[in-house]
Amino acid sequence: MKSTIPTNQPSRPAKFAKNISLALMMAGTLSLTGCGYNALQAQDEQVNASWSEVVNQYQRRADLVPNLVAVVQRYTEHEQAVFTDVAKARAAAGSIQLTPETLNNPQAMEQYQAAQAQMTSALSRLMAVSERYPELKADTLFQDLQAQLEGTENRITVARQRYIQDVQGYNTTVRQFPTNLTAMVFGMEKKANFTVENEREISTAPSVNFGNGASGAAQAPATGEATAQ
């Protein structure tokens with residue numbers, strides 16, 4: 001009697017089906033590449049990374065505020081209104097969290113910009129106080145914090161510029177054919193961007209160096225801060 005030896009070899013129909021599946025997967029991958037899916041994903045990740053840097057720099061600025069207020073209070077007696085404004089602005093800015101997942105919400109972006117503009121304006125008034133108090137201007141801790149704030153404002157400007165550029169590139173890709181079809185299929189929407197009131201202000205960080213007198217005080221725009229109001 002002949003014994004039958006079981007084999008693990010797939011049947012011809014099974015092999016054929018497997019090959020068809022692989023071919024379809026390869027075709028699908030090539031199709032996605034041709035329709036800009038990979039480019040969209042890469043740009044989306046870049047926008048998110050740029051936004052994280054914006055948030056980090058604004059947070060760094062907020063972290064400087066308590067120490068700044070503390071050292072200014074040591075030398076001032078009649079500036080309570082300024083301190084109150086700074087505290088309110090810091091609380092408002094901290095209450096609005098705009099995550100990468102909500103960057104397609106223009107209303108949320110407007111609120112975020114407004115809160116940061118309020119913080120910029122309040123800090124400008126706080127730093128201008130030093131002009132009335134020579135001993136405060138000479139305080140080494142105040143000078144160090146002033147330098148840190150100036151550096152942070154510069155980094156905020158750079159981070160905003162990078163975010164604006166990355167969002168413009170991403171939004172262009174989302175709108176263009178045929179990548180607009182790919183974006184529609186995968187639910188990739190336009191990202192909210194900073195409103196640009198004054199192109200010159202985008203490339204110039206707010207000045208917080210008041211060593212040359214009150215005329216050098218930073219002036220916050222009435223409707224928003226450079227690119228991030």
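Under full-length UniProt numbering, the first residue of the sequence shown carries the number 1, and numbering increases by one thereafter. Think of the CB as a built atom: it goes at the ideal place given N, C-alpha and C, for glycine as much as any other residue.
Residue i versus residue j - alpha carbon distance
i, j, result
"residue 133", "residue 175", "55 Å"
"residue 69", "residue 94", "17 Å"
"residue 78", "residue 84", "12 Å"
"residue 146", "residue 126", "11 Å"
"residue 116", "residue 150", "16 Å"
"residue 159", "residue 98", "15 Å"
"residue 86", "residue 46", "33 Å"
"residue 148", "residue 157", "14 Å"
"residue 106", "residue 182", "22 Å"
"residue 71", "residue 100", "35 Å"
"residue 144", "residue 153", "14 Å"
"residue 109", "residue 56", "16 Å"
"residue 80", "residue 129", "11 Å"
"residue 178", "residue 168", "18 Å"
"residue 29", "residue 155", "Residue placement at residue 29 is poorly supported in this model, since its pLDDT is 46, which falls under 50; the coordinates are not used for a value here."
"residue 190", "residue 51", "14 Å"
"residue 170", "residue 63", "31 Å"
"residue 113", "residue 59", "14 Å"
Extent of the continuous alpha helix (DSSP H) to which residue i belongs
i, result
"residue 74", "That residue, residue 74, is in no alpha helix (DSSP H); it is neither H nor E in DSSP."
"residue 121", "106-128"
"residue 132", "That residue, residue 132, is in no alpha helix (DSSP H); it is neither H nor E in DSSP."
"residue 36", "No alpha helix (DSSP H) contains residue 36, which DSSP labels as neither H nor E."
"residue 144", "140-175"
"residue 192", "Residue 192 -> no alpha helix (DSSP H), and no H or E assigned at all."
"residue 182", "179-185"
Environment of residue i [buried if 16+ CB atoms lie within 10 Å]
i, result
"residue 186", "exposed"
"residue 123", "buried"
"residue 103", "buried"
"residue 38", "exposed"
"residue 194", "buried"
"residue 88", "exposed"
"residue 204", "Per-residue confidence for residue 204 stands at a pLDDT of 47, beneath the threshold of 50, marking its modelled position as unreliable; no derived number is given."
"residue 91", "exposed"
"residue 120", "buried"
"residue 188", "buried"
"residue 49", "exposed"
* Taking one C-beta from the segment 40-54 and one from the segment 134-145 each time, how about it: are there three or more such pairs within less than 8 Å? -> Taking one beta carbon from each stretch, the segment 40-54 and the segment 134-145 have fewer than 3 pairs nearer than 8 Å; the two do not touch.
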